[in-house]
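Q: Going down the list, the sequences are from chains A and B.
Using the working numbering, the first residue of the first sequence is number 217, and each one after it goes up by one.
Using the working numbering, the first residue of the second sequence is number 4, and each one after it goes up by one.
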Amino acid sequence: ATEPWPENAALYQQLKEEQILLSDNASSLAVQAFLQMCNLPIRVICRANAEYMSPSGKVPFIHVGNQVVSELGPIVQFVKAKGHSLSDGLDEVQKAEMKAYMELVNNMLLTAELYLQWCDDVTVEEITHPRYGSPYPWPLNRILSYQKQWEVRRKMKAIGWAGKTLEQVLEDVDQCCHALSQRLGTQPYFFNKQPTELDALVFGHLFTILTTQLITDELSEKVKNYSNLTAFCRRIEQQYFEGHEKDCSTVAARSSKRSLLR
Amino acid sequence: MAAPMELSCWGGDWGLPSLHPESLTVMAYAKFSGAPLTVNIINNSWRTPKGDLPVLVSEDTVISQPAKILNFLRKQKYNADYDLSAKQGADTLAYIALLEEKLLPALLHTFWIEAENYCSVTKPWFASRIAFPLRLYLPGKMSREALNRILLTKGGPPLYSLTEVEAQIYRDAKECLNLLSKRLGTSQFFFGDTPTTLDAFVFGFLAPIYKVCFPRVQLQEHLKQLPNLCRFCDDILTCYFRFTVSGHSPAGQDTADANLQKLTQLVNKESNLIEKMDDNLRKSPQHPPRKLTTLKLAAGGEESGPMSRLSP
């Protein structure tokens, strides 16, 4: 039986202005986009310790009723169990394709974002370390960020990305964007008329890359090379996020603004 | 065309040219694109420049990862993806990512971490091919690396023990196999009738699961329930790897011997039949006088022949 979606559903992420990093922002935006596409209202709550509150250690996570679910994959399944799904209209081959492209984005874009913010020394010193530990006093902020950096670098080494240079990583990002651009073509969404979780995921990552200021603009330049991808991001932003304010917005205000646009 | 290219990789068994998925991928791609590679079966991955196989050496360039090797081959004009549209090229990248994320952990687990498999099959096989004293160290190192990779990429909370991680990765792998099977459908290769990069990668990952005989085989059993994937592997093995297969595996040698035996039996039978026909002809009443005269003439001719040759 499908239970109704409660009014006080909340999405937790780190502090938007001072703390959150590129990769976490991308994941959070992807989940927000997905829930918007499903027409499920959600509040965004920013907490400094969101990462530790999460059941899997990763942000974002949603608190719905008395259940807590984190990361896009499990959230999609959870929402499907509640009776809302974006990919029901796809046939088996299309579903396989969708899953494959989602893995491509996770494999290449997310890993590249993690590499850039934790393995590139300049970015680590100037952006990541100050931001990651900012809510905490010294020395806790340095300890926490060094711990996280060590963890991420271990993972990069295990999957073979530790030996890559920044140019190679940017080349991989370019290859991934090229593939996404080819797949999107001139359609409004990846599977023609209806948005799916793949559109939400791609939007989350690309929009964050385009709008986040890093040391250099090389990463966003790679995405800007593909005009259909930037148009795709703008379209989804206009359609689903126009009423979204800087701080945590209320449900009522957002839904009324959305109805004006449609 | 190009300088001679040499590929160093692990050897094979159970009907496969190599047991290592990445080596198998590169070999398959070389066969599909017609690149002339000399395959060098080596038994010591420490001799390679960066310590991992497969490695392609061409003149002065040394390239080590499968994706980079394939890129190099494409630049040398050995391109198996020539006929693919841009969208199909994008699909290739996506499916390769799916294979690496979902299928590779379970493959590594089956080979290197599952205790029974590792102790009874993988470790002895690799140890028998590596020289002493490295054979005491290298299989263990490869096993530890595989465990590390799986735990770091898949083993965060809420999965706290190795058994939970195992359950999750096998679930993912079976789902991945189902997705591949649906994508392949009834066609011979993933993009029509000619094999491409994606076919090379899928073959590289599936063939070891399919062919190697392990004691714990849950992934193999699941794969055998997907007949189009099994047919896909068998097709590639018979079409592209026939000569290497018959050279290496004992099963292939036996069939060759059996064929030879059958052939000799047939020849013997035929010659027996011919002799019988001859006998019948000689015994039949119509021909004896003519036969005798021809024989005498032949005998006479033969006697005179050598004598005339012998005389100077």
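Where is the CB? At the ideal position from N, CA and C, for every residue including glycine.
Give me the Cβ distance between residue 299(A) and residue 410(A), rounded to the nearest whole Å; I'm assuming they're in contact under 8 Å.
A: Counting from 1 along the first sequence, the entry for residue 299(A) is found at position 83. Counting from 1 along the first sequence, the entry for residue 410(A) is found at position 194. About 17 Å separates the two Cβ atoms, so there is no contact after all.
Q: So what does DSSP say about residue 195(B), is it helix, strand or coil?
A: For the purposes of this step, residue 195(B) is taken as residue 192 along the second sequence, with counting starting at 1. It is a strand residue.
Q: Residue 309(A) versus chain B: which residues are under 8 Å apart at the beta carbon?
A: Within the first sequence, numbered from 1, the residue matching residue 309(A) stands at position 93. Those are 185, 186, 188, listed as they occur along chain B.
Q: Please name the residue, chosen from 233(A), 389(A), 311(A), that lies closest to residue 406(A) on a Cα-to-Cα basis.
A: The residue given as residue 406(A) occupies position 190 in the first sequence. Closest by alpha carbon: 311(A).
Q: Check whether the Cβ atoms of residue 258(A) and residue 297(A) lie closer than 7 Å to each other.
A: Locating residue 258(A) in the first sequence gives position 42, where the first residue counts as 1. Locating residue 297(A) in the first sequence gives position 81, where the first residue counts as 1. Against a cut-off of 7 Å, the Cβ pair of residue 297(A) and residue 258(A) comes out as no contact.
Q: With DSSP run on the structure shown, which of helix, strand or coil describes residue 285(A)?
A: By 1-based counting over the first sequence, the position of residue 285(A) is 69. In this structure, residue 285(A) counts as strand in the three-state DSSP scheme.
Q: So if I threshold CB-CB distances at 9 Å, which residues from the segment 107–121 of chain B count as touching chain A?
A: The segment 107–121 of chain B vs chain A, Cβ under 9 Å: nothing.
Q: Any beta carbon of chain A sitting closer than 7 Å to that of residue 52(B)?
A: On the second sequence, residue 52(B) is found 49 positions in, with the first residue counted as 1. In this prediction, residue 52(B) scores a pLDDT of 49, lower than 50, which makes its location untrustworthy; the coordinate-derived value is nonetheless stated afterwards. So, not an interface residue.
Q: Tell me whether the beta-carbon of residue 157(B) lies closer than 7 Å to the beta-carbon of residue 108(B).
A: As a position in the second sequence, residue 157(B) is number 154, starting the count at 1. As a position in the second sequence, residue 108(B) is number 105, starting the count at 1. A contact, by the Cβ cut-off of 7 Å.
Q: Check the DSSP bridge columns for residue 66(B) and list the partner residues they point to.
A: One-based indexing of the second sequence puts residue 66(B) at position 63. Bridge partners of residue 66(B): 59(B).
Q: Based on the DSSP secondary-structure assignment, which residues constitute the bridge partners of residue 363(A)?
A: For the purposes of this step, residue 363(A) is identified with residue 147 of the first sequence, where counting begins at 1. Its beta-bridge partners do not exist; DSSP assigns none.
Q: Kindly indicate which three-state DSSP category residue 9(B) falls into: helix, strand or coil?
A: Start at 1 with the first residue of the second sequence, and residue 9(B) comes out as number 6. Of the three classes helix, strand and coil, the one that applies to residue 9(B) here is strand, per DSSP.
Q: Alpha carbon to alpha carbon, how far is residue 231(A) from residue 351(A)? Give it in angstroms, no decimals.
A: In the first sequence, the residue the question calls residue 351(A) occupies position 135. In the first sequence, the residue the question calls residue 231(A) occupies position 15. Each residue's alpha carbon lies about 9 Å from the other.
Q: Quick one: list the residues of chain B neighbouring residue 313(A), beta-carbon separation under 8 Å, in chain order.
A: Counting from one through the first sequence, the residue named residue 313(A) turns up at place 97. Chain B residues near residue 313(A): 94, 97, 186.
Q: Please state whether DSSP places residue 41(B) in a helix, a strand or coil.
A: The residue you call residue 41(B) lines up with position 38 of the second sequence. Of the three classes helix, strand and coil, the one that applies to residue 41(B) here is strand, per DSSP.
Q: Between the Cα of residue 282(A) and those of 449(A), 447(A), 222(A), 391(A), spot the shortest distance and give me the residue it belongs to.
A: Translated into positions along the first sequence, residue 282(A) becomes position 66. Nearest C-alpha to residue 282(A): 222(A).
Q: Identify which residue in 420(A), 389(A), 220(A) has its Cα closest to the Cα of residue 287(A).
A: Mapped onto the first sequence, residue 287(A) falls at position 71. Comparing Cα-Cα distances from residue 287(A) to each of 420(A), 389(A), 220(A), the minimum goes to 420(A).
Q: Classify residue 135(B): buried if its beta carbon has 16 or more other beta carbons within 10 angstroms, exposed otherwise.
A: Residue numbering aside, residue 135(B) sits at position 132 when the second sequence is read from its first letter. When all chains shown are included, residue 135(B) counts as exposed.
Q: According to the Cβ coordinates, are residue 26(B) and residue 13(B) closer than 7 Å?
A: In the second sequence, counting from the first residue as 1, residue 26(B) sits at position 23. In the second sequence, counting from the first residue as 1, residue 13(B) sits at position 10. Going by C-beta atoms, residue 26(B) is nearer than 7 Å to residue 13(B).
Q: Just checking, does the segment 25–45 of chain B make contact with the segment 87–97 of chain B on the three C-beta pairs under 8 Å criterion?
A: Too few Cβ pairs lie closer than 8 Å, so no.
Q: Compute the distance between the beta-carbons of residue 276(A) and residue 244(A), then report whether it is under 7 Å.
A: Translated into positions along the first sequence, residue 276(A) becomes position 60. Translated into positions along the first sequence, residue 244(A) becomes position 28. For residue 276(A) and residue 244(A), yes; Cβs fall inside 7 Å.
Q: Could you name the residues of chain A that residue 152(B) contacts, counting a contact when the two beta carbons are closer than 8 Å?
A: Stepping through the second sequence from its first residue, residue 152(B) is reached at position 149. Residues of chain A passing the Cβ test: 374, 375.
Q: Give every residue of the same chain whose Cβ lies closer than 7 Å to the Cβ of residue 456(A), excluding the five residues on either side of it in the sequence, and list them in chain order.
A: Indexing the first sequence from 1 puts residue 456(A) at position 240. Excluding positions up to five away in sequence, the list reads 249, 252, 253.
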